[in-house]
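Residue numbers (mature numbering (1 follows the signal peptide of the UniProt record, and there is no 0)): -18 to -1, 1 to 223. We put the CB at the ideal spot given by N, CA and C, even for glycine. Heads up, the thing below is written out as structure tokens.
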């Protein structure tokens, strides 16, 4: 959940690459350096390279990494569906309908990239970590999930247009990963939001997180790379863990 919330907390507007490090009160971070973007925490991270649109999922706990290929979501959905059918086959007939209903909510969903994201300003403003933001309610058509976010401008946060472009490209891939979960946050895709939520409250899960600091000092390139000694894994191996 931490990673999912982090995935929805960045997107910008303003003129050349400048390193950006954002930290949040749940222990997660966001890093931008040249064409590289990393979102993560102590357990996992997502690494994006805007030059080739490569997206990599890193598991710090398992010391593994996986390249996200085209069709990943469809493959995950198909494999999870098969596993669910195998389990249902072993369940007594009188219990099957109940178990199937319970399991359906856990099945990864193919994202609807055409679903409208609705952003409604509440009229309230606030300051988070010293930055001005306006509050908005965010929903997605067809989803019951709602988030209250406080959105700051890129100019307010000192984020450049070049970094905005990089982050926006990263979000296109990241939003697909987030959308695999039925509990995905309403603001998982910020490319249509036009701002940077620096505080988020997911009402369905009562999960809150907020920006604590932004720094623009030079970031060591090693922090935006696959850690040494980590092993590449596959979708099948990841789902088996």
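DSSP bridge partner residues for residue i (one or two, in chain order)
i, result
"residue 179", "133"
"residue 71", "None; residue 71 has no bridge partner."
"residue 39", "28, 48"
"residue 21", "12, 28"
Cβ-based neighbour list, residue i, same chain, cut-off 7 Å, excluding 5 preceding and 5 following
i, result
"residue 201", "1, 3, 13, 15"
"residue 24", "9, 42"
Three-state secondary structure assigned by DSSP to residue i
i, result
"residue 29", "strand"
"residue 13", "strand"
"residue 3", "strand"
"residue 147", "helix"
"residue 285", "The question about residue 285 has no answer here: the residues shown for the chain are numbered -18 through 223."
"residue 102", "strand"
"residue 141", "coil"
"residue 193", "strand"
"residue 199", "coil"
"residue 240", "One cannot answer for residue 240 here, as it falls past the ends of the chain, which runs -18 to 223."
"residue 152", "helix"
Contact check, residue i vs residue j, beta carbons under 7 Å
i, j, result
"residue 132", "residue 178", "no"
"residue 19", "residue 148", "yes"
"residue 101", "residue 192", "no"
"residue 182", "residue 5", "no"
"residue 39", "residue 28", "yes"
Contact set for residue i: own chain, Cβ-Cβ below 6 Å, skip 5 residues either direction
i, result
"residue 210", "none"
"residue 106", "117"
"residue 215", "46, 48"
"residue 30", "19, 37, 152"
"residue 50", "37"
Residues of its chain near residue i, where Cβ-Cβ distance is below 8 Å and the 5 sequence neighbours each way are ignored
i, result
"residue 113", "134, 138, 139, 180, 193, 196"
Closer than 6 Å: residue i CB and nearest the ligand FAD heavy atom
i, result
"residue 28", "Among the ligands in the structure shown, none appear at all, so the ligand FAD cannot be discussed."
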